[in-house]
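Protein chains in written order, with the working numbering: chain A, 1 to 113; chain B, 1 to 112.
Where is the CB? At the ideal position from N, CA and C, for every residue including glycine.
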């Protein structure tokens with residue numbers, strides 16, 4: 001069984017500040033890890049993914065995440081928040097291609113001017 | 001960029017009625033999925049479909065639900081007799097042999 005925990009359902013940062021959204025997972029096999037973003041009234045857009053290889057992965061819009069096996073974490077970061085980053089962010093895990101995604105509860109990011 | 005298309009964007013139905021949610025996955029993809037998101041809650045897996053059959057399904061996907069790929073392009077989710085608790089955003093997704101799933105914009109189902 002696999003599960004995902006996102007610490008903090010709401011995170012508020014100032015524009016220009018560091019964004020850190022936390023994700024921890026549990027999986028009995030090496031996971032594939034994902035971050036998705038959902039803007040209001042829209043679908044889920046893939047930000048980045050980790051499958052194998054380099055543990056620091058870069059995604060769209062300046063986001064990156066680091067897979068830390070020892071900590072079972074895949075935290076999402078962005079050095080400088082922009083107003084347009086305000087959205088809901090979901091961490092997800094799967095076992096392999098074609099496998100179901102298990103999502104975390106989501107973190108709503110608010111960016112203050 | 002190719003995209004997954006879902007119709008309608010919003011559907012209102014009366015309790016007990018049947019609804020069919022429609023999706024057009026990306027054309028060369030092999031795996032198809034339905035997820036749902038009840039308002040304010042996490043995105044939950046419903047079912048995956050591969051090679052014209054269900055490959056996985058969750059506990060949510062009971063006998064009231066069915067999926068079909070009636071032709072080479074559409075992928076549908078049918079809810080036989082809707083309940084109030086079926087109100088949610090339903091997302092269709094598809095993927096090829098890689099792990100990246102592409103999601104549609106969703107269909108908001110409201111059961112009244």
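| Item | Value |
| --- | --- |
| Please name the residue, chosen from B:104, B:54 and B:38, that lies closest to residue 99 (chain A) on a Cα-to-Cα basis. | B:54 |
| What is the C-beta distance between residue 104 (chain A) and residue 2 (chain A), in whole angstroms, given that I count them as a contact (C-beta under 8 Å)? | 11 Å between Cβ atoms; not a contact. |
| Chain A beta carbons: is any one of them nearer than 7 Å to that of residue 72 (chain B)? | no |
| Check distances from the C-beta atoms of the region 29-45 of chain B to those of chain A and list, in chain order, the residues that come in under 8 Å. | 30, 31, 33, 35, 41, 42, 43, 44 and 45 |
| For residue 106 (chain B), is the classification buried or exposed, using 16 other Cβ atoms within 10 angstroms of its Cβ as the cut-off for buried? | buried |
| When the cut-off is 7 Å and only beta carbons count, does residue 103 (chain B) lie next to chain A? | yes |
| Could you tell me the alpha carbon to alpha carbon distance between residue 86 (chain B) and residue 49 (chain B), rounded to whole angstroms? | 21 Å |
| Can you give me the start and stop residues for the beta strand (DSSP E) that residue 12 (chain B) sits inside? | 10-13 |
| Mark residue 58 (chain A) as exposed unless 16 or more other C-beta atoms lie within 10 angstroms of its C-beta, in which case mark it buried. | exposed |
| Could you check which residue in B:4, B:31, B:39 and B:24 has the C-alpha nearest to that of residue 84 (chain B)? | B:39 |
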